[in-house]
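Chains A and B, in that order, are what the protein sequence lines are.
For the first sequence, our numbering begins at 18 and goes up steadily by one.
For the second sequence, our numbering begins at 18 and goes up steadily by one.
Let me begin by presenting the structure, written as C-alpha cells, before commenting on it.
2 protein chains.
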Amino acid sequence: MLDEENIVDPSHPRYNSLMIRKKIADAGVKGMLADSAMIAHGRGEAYDYLLGERTIPSAMIATKEAVARLVNAERPVISLNGNAIALAGADFLTLASQLGCPVEINIFYRTPERMGSLIGHLKMLNSKLELDVEILGGIPDERIPGLEGPRGACQSNGIFNSDTILVPLEDGDRCEALVAMGKEVLVIDLNPLSRSSRKCTVGIVDEVTRVTKNMIQLIPEKPNVSDFDNSKNLQAALDHIIDNLSDKFN
Amino acid sequence: MLDEENIVDPSHPRYNSLMIRKKIADAGVKGMLADSAMIAHGRGEAYDYLLGERTIPSAMIATKEAVARLVNAERPVISLNGNAIALAGADFLTLASQLGCPVEINIFYRTPERMGSLIGHLKMLNSKLELDVEILGGIPDERIPGLEGPRGACQSNGIFNSDTILVPLEDGDRCEALVAMGKEVLVIDLNPLSRSSRKCTVGIVDEVTRVTKNMIQLIPEKPNVSDFDNSKNLQAALDHIIDNLSDKFN
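In C-alpha cells:
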C-alpha cells in the first residue's frame, strides 16, 4: 500500500501526477521494478513539473512524427521496461495491436523474478483487453552489440531484427547502441537533455501516459514521415521550460 | 542491496550523484523511509542536474545567511526527516553540536517502526562521532497549528518553542505552518519553485550534503545577519538554470 494513498483527493491540483506516482509505487510492491525505478520516476516528475504537466506543442510534433515512422515501418517493435509497463502497460498493448507488432520486455536490471512479474502483468492485460499481442523478451536469443551483461539480451524476432523501435524511458547507453544498429529509435523521455533524447531519431519530451493516449488517437490518421530535426525540436522543449522559469519572482 | 551497486565506479562522471542515491536506497532497505522518499529524491536529482550538481553562488549566499540566523538564534533547532537523516545524518549532528541545539525528527508519514529506525540510526551516529546531541521527536507533546494528523506532532522543548528552524527537504504545508508560527524558517530544497522555497525565510537551493559541509565550515566564522531577499535569491537560482538550458542545440 502506498503511504500517501489517503491524501490522493481528486480535487488536488496535482491529482494526475499523484495517481501516476501511485501506479509506480504499487508496481514496486508487486516486484515489477528495480530499486532505481522510483528515483527515475521522481526525476521525470521534476521535468514534467517544469513543462507544466501537459503535452507541449513540440512534444505533439514529435509524437506525430514517431507515429508516422511506426505506421510506415516494415518491422516495428515496442520495447518496454518496468516503469513503462507500470505506467502504461495497457496502452502499449493497444498501440502494438493497432500497429500489428510485438512488444519486447527489455529491462536494465534483469532478474528472473522481475521478468516473470512483468510478463505475467502484460499477459493479464492482454487477456483483460481481449488482445493477442505477442509478448517477447522472455527467451532472448540475440544480443544488442556493444551492451554488456543481461541488459544487452534481446530476441531475433523482436528488437534485434526490427527497423523501427519505440523505447519509452530508455537509458542512454542502450539508446546509442540501438541507433548504432541502424534502427530508427523513437524515445519518450521527459528530460530534453538526456543522452537518450539527444541521440535518438525522434525524442518525445512528454509524460508516457499522455504520449500513449495521443498515439492511440493518431495512429488511425496514418501521418506521413517528415524531415524531422530532433535537435531543433528538443531546443523548443528547453525554450518552453525557460519561459516557465523566467521572471517568476520579479 | 542496491541493484546498481556494481556499476558505481569512482571514475564515473556522476559518481557523487550515484553514491548519494545509494545512501537513499540503503536507508529504504533499513525501513527508514516512506515509499515516496525515493521519488522525492529523484525529483531532487533532476533539479541538481539542472544546477550543474554544484553549489551555485546564490546558494552559497543563502547558506551563509542561514548560518548567520542559526548562530544568532536564541532557541535554534534542526528538523530532520528520513531523507535528511539518510543523506547527511552525521553532518546534521555535527552542526547541532556546533550550535549547541537539539535535532528533532519530524516525518510526514509517521509510523512507530520508522521513528524507531531513525532514532536508532541517529543514536548510533551520536555514539560513533562521540557527540551528545539531544535527539527529539520520539515523545511529541505539542502540535504545529494548522497541520492535521501525525505530521503535526512536535515537542515543546524542540520545534514548538524554537525561534529559528533549519528544515531540509520540507513539505510546503509544514513550511507554511512553521512560518505562520512566527519562526525564522531556513529551508534546503533543490526546487527553487517549491512552496517551501517560496514561503520560507531563507531558501537554500542546493543538495543537502553539500549544504551541511558548507555550513560546518561557515559556523566558526559566525557571519552576521543581513537584509536577505529570498525572492531575489530564488530568481538568481532560476536564472542559473535558464543559462544552463539556453542554446544547447543551436
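Note that CB positions come from ideal geometry on N, CA and C, so glycine has one too.
Item, Value
"How many angstroms separate the CA atom of A83(A) from the CA atom of A170(A)?", "25 Å"
"Is the CB-CB distance between V94(A) and F109(A) below 8 Å?", "no"
"Runs of 4 residues minimum, wholly inside the segment 56 to 98 of chain A: which ones carry the alpha helix (DSSP H) assignment?", "74 to 88"
"Buried or exposed for A197(B), going by 16 or more other Cβ atoms inside 10 Å?", "exposed"
"Are L251(A) and R212(A) close, meaning C-beta to C-beta below 8 Å?", "no"
"Tell me whether R71(A) is buried or exposed, calling it buried when 16 or more other Cβ atoms sit within 10 Å of its Cβ.", "exposed"
"Can you pull the chain B residues whose beta carbon is under 9 Å from the beta carbon of I152(A), in chain order?", "What I152(A) touches in chain B: nothing, since even the nearest Cβ is about 23 Å away."
"Of all Cβ atoms in chain A, is any one closer than 8 Å to the Cβ of G59(B)?", "yes"
"Distance, Cα to Cα, D260(B) vs L68(A)?", "17 Å"
"Using a Cβ cut-off of 9 Å, pull out every chain B residue sitting near E193(A), in sequence order please.", "Under the 9 Å cutoff, chain B gives no residues; its nearest Cβ is about 15 Å from E193(A)."
"Do P209(B) and L153(B) come within 8 Å of each other at the CB atom, strictly closer than that value?", "no"
"Identify the contact partners of Y64(A) in chain B, using a Cβ-Cβ distance below 7 Å as the criterion.", "A63"
"Beta-carbon separation of P240(B) and A85(B) under 8 Å?", "yes"
"I'd like to know whether the C-beta of R212(B) is nearer than 8 Å to at least one C-beta of chain C.", "The displayed structure is made up of protein chains A and B, and chain C is not among them."
"Would the beta-carbon of I182(A) fall within 8 Å of that of L195(A)?", "yes"
"When you compare the segment 218 to 232 of chain B with the segment 214 to 233 of chain A, are there three or more beta-carbon pairs, one atom per stretch, that lie closer than 8 Å?", "no"
"By the three-class DSSP mapping on this structure, what secondary structure does P129(B) have?", "helix"
"Leaving out five residues on either side along the sequence, give the residues of the same chain with a beta carbon under 6 Å from the beta carbon of R127(A).", "P167"
"Between D20(A) and chain B, is any beta-carbon pair separated by less than 8 Å?", "Legend: pLDDT at D20(A) = 43, less than 50; position of this residue unreliable, value from coordinates given subsequently. With 8 Å as the cut-off, D20(A) counts as an interface residue toward chain B."
"Below 8 Å on C-beta distance, what does L255(B) contact in chain A?", "L262, S263, K265, F266"
"What are the boundary residues of the beta strand (DSSP E) that includes V204(A)?", "201 to 205"
"Which same chain residues, not among the five before or five after F173(A), have their C-beta less than 8 Å away from its C-beta?", "Residue identity differs from the one stated: residue 173(A) is Ser in this sequence, not Phe. Here the set comprises D158, E159."
"Considering only residues of the same chain and omitting the five flanking positions on each side of D180(A), which have a CB-CB separation below 7 Å?", "A90, E91, R92, K200, E201"
"Are the CB atoms of F266(A) and S248(B) nearer to each other than 8 Å?", "yes"
"Near I56(B), what residues of its chain come up, given a Cβ to Cβ distance below 7 Å and the 5 sequence neighbours on each side ignored?", "none"
"With a threshold of 8 Å between beta-carbons, can M132(A) be considered close to chain B, or not?", "no"
"In the structure shown, what three-state DSSP assignment does P240(A) receive?", "coil"
"Below 8 Å on C-beta distance, what does R38(A) contact in chain B?", "S53, I56"
"Quick check: what's the CA-CA separation for E21(B) versus T111(A)?", "Since pLDDT at E21(B) reaches only 44, below the 50 mark, its modelled position is unreliable, and no value is offered."
"I'd like to know whether the C-beta of A90(A) is nearer than 8 Å to at least one C-beta of chain B.", "no"
"What would DSSP say about V196(B), mapped onto helix, strand or coil?", "helix"
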